[in-house]
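Read through the structure below, which is laid out as structure tokens, and then see the notes.
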Amino acid sequence: MDFLTAMDISASALSAERTRINISATNLANANTTRTIEGGPYRAKSVVFAARPVDRSFASHLDRMNATLRKVEVVKIVEDQAPFREVYDPSNPDADVNGIVRMPNVNPLEQVVDIMSARRAYEANVTALEAVKSMALKALDISR
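Residue numbers (my numbering): 827 to 970.
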């Protein structure tokens, strides 16, 4: 694996983790949104990742070692189909005739844990990028 391929793999993971953090932050921001443009409460969203082959030349595809290299991509963002929470609040303008308000299906604790996990993965990929950069600089120093 060359330096650019290693950087491409880590960069794809950084982008995917950034999307994951953004979606979790959006979920947290809308944890109490009872009315959306589509109608009804906000639905929590999740990111779906997939491993995709690294785009390589034809010659490198013949090399078995490079055939297993994968980068991370965001395939789609899906809505959580869990039921909405129901809260008794007759003073809320979105309450039904029984005083029940349908609240978003966002679990704030789950979202915070997801942000922490994405942050750690992001940091790990930054560390990998730094290691690749350091190795490339050392290789340049050797050639002097």
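The beta-carbon is built from N, C-alpha and C at its ideal position, and this holds for glycine as well.
Reduced DSSP category for residue i - H, G, I as helix; E, B as strand; rest coil
i: GLU864; result: coil
i: PRO930; result: coil
i: ARG844; result: helix
i: ARG946; result: helix
i: ASN856; result: coil
i: ALA921; result: coil
i: SER850; result: helix
i: ASP940; result: helix
7 Å Cβ cutoff met for residue i and residue j
i: SER836; j: ALA954; result: yes
i: PRO916; j: GLY925; result: yes
i: ASN951; j: ALA839; result: yes
i: ARG846; j: VAL873; result: yes
i: ASN853; j: GLN937; result: yes
7 Å Cβ shell around residue i - same chain, five flanking residues per side excluded
i: PHE910; result: PRO867, ARG928, MET929, PRO930 and ASN931
i: THR831; result: VAL880 and LEU895
i: ALA876; result: GLU899 and VAL901
i: ALA962; result: PHE829
i: ASN856; result: TYR868, PRO930 and VAL932
i: TYR914; result: GLY925 and ILE926
i: ASP834; result: VAL880 and LYS897
i: THR862; result: TYR868
In DSSP terms, what residue i is bridged to
i: ILE876; result: Reading off the sequence, residue 876 comes out as Ala, not Ile. Looking at the DSSP assignment, ALA876 forms a beta bridge with GLU899.
i: TYR914; result: ILE926
i: VAL904; result: SER872
Own chain partners of residue i with C-beta closer than 8 Å, once the 5 adjacent residues on each side are dropped
i: THR859; result: PRO867, TYR868 and PRO930
Close Cβ partners of residue i (< 6 Å) along its chain, the five nearest in sequence each way excluded
i: GLU905; result: ARG869 and LYS871
i: LYS959; result: none
i: ASP940; result: SER850
Residue i at chain D interface by Cβ criterion, 7 Å
i: SER872; result: The chain inventory of the structure shown lacks chain D, comprising one protein chain alone.
Could you tell me whether the segment 939-948 touches the segment 899-919, where touching means 3 or more Cβ pairs closer than 8 Å? no
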